[in-house]
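Here is the structure we will look at.
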Amino acid sequence: MKCVFSGVKPTGIITLGNYLGAIKRFVDVQDQAEKNFYSVVDLHALTVAQDPKEMYENTLNIAAVYLAVGLDPRKATLFVQSHVPAHAEASWMLTCLSRMGELNRMTQFKDKGRGSDSAGVGLFTYPVLMAADVLLYQTTHVPVGEDQKQHLELTRDLAERFNRDYGEIFVMPEPLIAEVGARIMGLQNPEKKMSKSDDSDANYITLMDTPKEIEKKIKRAVTDSENAIYFDEENKPGVSNLLSIQSVLTGETMDSIVQSYEGLGYGALKKNLIEITVDHLTPIQQRYQEIRQSEELTNILRHGAEHADAVASETLKKIKDALGLVRL
């Protein structure tokens with residue numbers, strides 16, 4: 003992998019699903035790629051109204067999480083999206099290249115905005131900003147969950163269209179989708195993705211939950227009446243979700259995990275998963291508290307923005323030249 007890019011919106015708490023489906027994988031691939039760019043994509047958060055004070059704090063919180071989970075600023079460029087003006091500028095140019103039909107088909111717009119006259123235009127166009135995020139760094143691989151794969155397909159379509167009409171500028175990015183854990187489901191509703199927007203906080207675990215909170219939530223997690231432990235997403239979604247969480251947290255294969263529970267019931271599965279989850283999250287929480295209020299955080303983001311800006315600006319110049327825009 004020559005270059006990896008991804009980003010997380012600063013819209014509140016990070017769930018275990020966010021972590022296992024995306025952020026943990028950033029750490030896993032940082033040694034495999036020649037270049038890594040990870041952004042707090044604050045411009046994406048503006049598609050819905052945000053409290054300015056919360057927005058400010060959440061942006062720094064996500065950046066601190068990046069470092070706490072193990073992203074190394076010597077190996078990965080960490081930055082805030084709005085600190086690199088090329089993102090917004092390239093997004094407009096790609097928007098002019100996009101088609102209404104393409105954006106109308108985006109699943110998340112169908113879910114959140116279609117049919118509402120009060121929906122913000124940003125909900126409709128933000129997949130193009132996402133495309134700009136990726137293409138500016140000549141990204142070869144993007145860690146995505148299944149729900150974001152459609153957006154990466156749009157990115158590839160726009161890159162192909164631009165290259166065809168204006169010359170070979172963009173690299174065609176490929177998705178990196180994990181076989182296990184790409185989509186962590188809710189603890190109370192295992193047929194729906196774990197989300198911080200759920201009405202009940204029992205449906206998700208956050209990265210900052212206490213051991214007692216983690217224990218309570220996993221103990222209450224939905225399973226089924228069979229009391230047999232094996233992986234079957236269609237017929238045993240709750241149990242399969244708990245097994246997936248264990249697999250991603252430990253790195254064990256699904257077969258070896260299922261074998262270890264032979265002859266045991268759901269109580270053993272939940273007890274073991276509680277211990278694994280607490281042991282995994284405790285050092286992350288400790289590191290987060292160390293980083294969050296330190297000058298180290300702002301220094302890393304400042305240096306990251308400088309490097310990201312230099313790389314993105316080079317691509318932006320090529321885009322402008324290809325489009326015939328005058329640069330003085």
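The sequence shown runs 3 to 330 under the working numbering. Beta carbons are placed, not taken as given, at the ideal position from N, Cα and C, and that holds for glycine.
- Query: Quick one: what's Thr317 bridged to in DSSP?
  - Reply: For Thr317, which the question treats as bridged, DSSP gives no partner whatsoever.
- Local conformation of Pro75 per DSSP, three classes: coil
- Message: With the cut-off set at 9 Å, would you say Ile216 and Thr279 are in Cβ contact?
- Response: yes
- Message: For Ser370, list the residues DSSP reports as bridge partners.
- Response: No information on residue 370 is available, as it lies outside the stretch 3 to 330 that the chain covers here.
- Can you give me the start and stop residues for the beta strand (DSSP E) that Glu176 sits inside? 176-178
- Task: Along the beta strand (DSSP E) that carries Pro192, what are the first and last residues, could you check?
- Result: Premise fails: Pro192 is in no beta strand (DSSP E) and is neither H nor E.
- Task: Grab me the residues of Lys194's own chain with a C-beta within less than 6 Å of its C-beta, minus the 5 sequence neighbours each way, in chain order.
- Result: Gly188
- Query: What does DSSP give as the partner residues of Leu145 in its beta bridges?
  - Reply: Checking the sequence, you will find Pro at residue 145 rather than Leu. In DSSP, Pro145 forms a bridge with Leu178.
- Query: So Thr141 packs on Phe28, CB below 8 Å; how close in whole Å?
  - Reply: Rounded, the Cβ-Cβ distance is 13 Å, inconsistent with contact.
- Query: Bridge partners of Thr279, per DSSP?
  - Reply: The partner list for Thr279 (beta bridge, DSSP) is empty, contrary to what the question assumes.
- Alpha carbon of Ile247 to alpha carbon of Leu22, nearest angstrom: 8 Å
- Message: Please report the distance separating the alpha-carbon of Leu45 from that of Leu271.
- Response: 41 Å
- Query: Straight-line CA distance for Val173 to Ser93?
  - Reply: 16 Å
- Cys98 burial status per 10 Å Cβ neighbour count (16 or more: buried): exposed
- Mind the definition here: the region 27-43 touches the region 74-94 only if three or more C-beta pairs lie below 8 Å; say whether that holds. yes
- In angstroms, rounded to a whole number, what distance separates the CA positions of Ala35 and Leu327? 33 Å
- Query: Using CA coordinates, which residue listed in Leu178, Pro177, Glu176, Ala161 is at the minimum distance from Glu170?
  - Reply: Ala161
- Item | Where the alpha helix (DSSP H) through Asp135 begins and ends | 123-137
- Query: Residue range of the alpha helix (DSSP H) that Met256 falls in?
  - Reply: 256-262
- Alpha carbon of Asn106 to alpha carbon of Gln152, nearest angstrom: 12 Å
- Residue burial classification, Asn63 (beta-carbon count within 10 angstroms, cutoff 16): buried
- For Leu299 and Val82, believed in contact at Cβ under 8 Å, the rounded distance: Actually they do not touch by this definition, with Cβ atoms about 11 Å apart.
- Gln261 to Asp74, Cα distance in whole Å? 35 Å
- Per DSSP, Thr97 forms a beta bridge with which residues? Bridge partners of Thr97: none, in fact.
- Item | Straight-line gap, Lys77 to Lys37 (C-alpha atoms, nearest Å) | 7 Å
- Length of the line joining the Cα atoms of Arg329 and Leu318: 11 Å
- Query: Hey, quick one: how far does the alpha helix (DSSP H) through Asn63 stretch, first residue to last?
  - Reply: 54-70
- Hey, could you find the ends of the alpha helix (DSSP H) Gly253 is sitting in? No alpha helix (DSSP H) holds Gly253; DSSP gives it neither H nor E.
- Query: Per DSSP, which one or two residues make a beta bridge with Thr17?
  - Reply: Thr208
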